[in-house]
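Written out below as structure tokens is the structure these notes cover.
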Amino acid sequence: AQKVTQAQTEISVVEKEDVTLDCVYETRDTTYYLFWYKQPPSGELVFLIRRNSFDEQNEISGRYSWNFQKSTSSFNFTITASQVVDSAVYFCALRRRGNFNKFYFGSGTKLNVKP
Amino acid sequence: DTGVSQDPRHKITKRGQNVTFRCDPISEHNRLYWYRQTLGQGPEFLTYFQNEAQLEKSRLLSDRFSAERPKGSFSTLEIQRTEQGDSAMYLCASSFPWDPGNLNTEAFFGQGTRLTVV
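Protein chains in written order, with the working numbering: chain A, 75 to 189; chain B, 353 to 470.
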């Protein structure tokens, strides 16, 4: 069975602080894909990153960075110098190879960035 | 607006009534997905269409739920005899056929229809 756990339900930070959102996943598959999505108050899910299980290189995109560690089944997301516009619910998700239709989402972490 | 469009955005209905939601995918996307998101949870997969064919259905989709995509363009999701447990956000997404080398083939999500059953 596939499972994604985001233990942090809600995090509050002050603008310009760095914040890390944790994600732990479970799967017996050897090939799979991991994702982060952002859900602003407007409701749509905005794609942030996809990582396949063979690629453990960390990735940086502007103020965003992702740390994938297969040994601990974790795919953590860090926002550096947070901004008020980063306030949203962030979801980590897993998708199995060969079944590109179905995401297994975590329960999300609500990030509040205060000015 | 060229994104995934869902209508209505909000729906309040009395228990036992039928409701229908509509999703207009991004033009030329042949794949369409429905997900359900309850309060405080992540979205859960409901069903998937490739063109007009419904190729996969979750066990979450009870016999009170039916989804269609008659011409391979827009899709409808109908819930019959609504129950309070059906209260949720219903999200639609669409995509091109998936290509591992092209991130633009990942799914684009709409803003959802929030259903409240009273």
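The C-beta atom is built at its ideal place from N, Cα and C for all residues, glycine as well.
Asked	Found
Restricting to Cα atoms, I'd like to know which of B:393, B:392, B:391 and B:408 is closest to residue 399 (chain B).	B:408
For residue 402 (chain B), name the three-state secondary structure that DSSP assigns.	strand
Show which residues of chain B have a CB atom less than 7 angstroms away from the CB atom of residue 168 (chain A).	Residues of chain B passing the Cβ test: none, with the nearest at roughly 11 angstroms.
State buried or exposed for residue 368 (chain B), treating a residue as buried only when at least 16 other CB atoms are found within 10 Å of its CB.	exposed
Name the chain A residues that come within less than 8 angstroms of residue 395 (chain B), Cβ to Cβ?	119, 165, 177 and 179
Please tell me whether residue 386 (chain B) has its Cβ less than 8 angstroms away from any Cβ of chain A.	no
Can you pull the chain B neighbours of residue 116 (chain A), defined as C-beta to C-beta under 8 angstroms?	463
Using Cβ-Cβ distances below 8 angstroms, what residues of the stretch 123 to 144 of chain A are close to chain B?	124 and 126
Would you grab the beta carbon distance between residue 80 (chain A) and residue 96 (chain A) for me? Rounded to a whole angstrom, and I think it's under 8 angstroms.	7 angstroms
Can you tell me where the beta strand (DSSP E) holding residue 362 (chain B) begins and where it ends?	362 to 365
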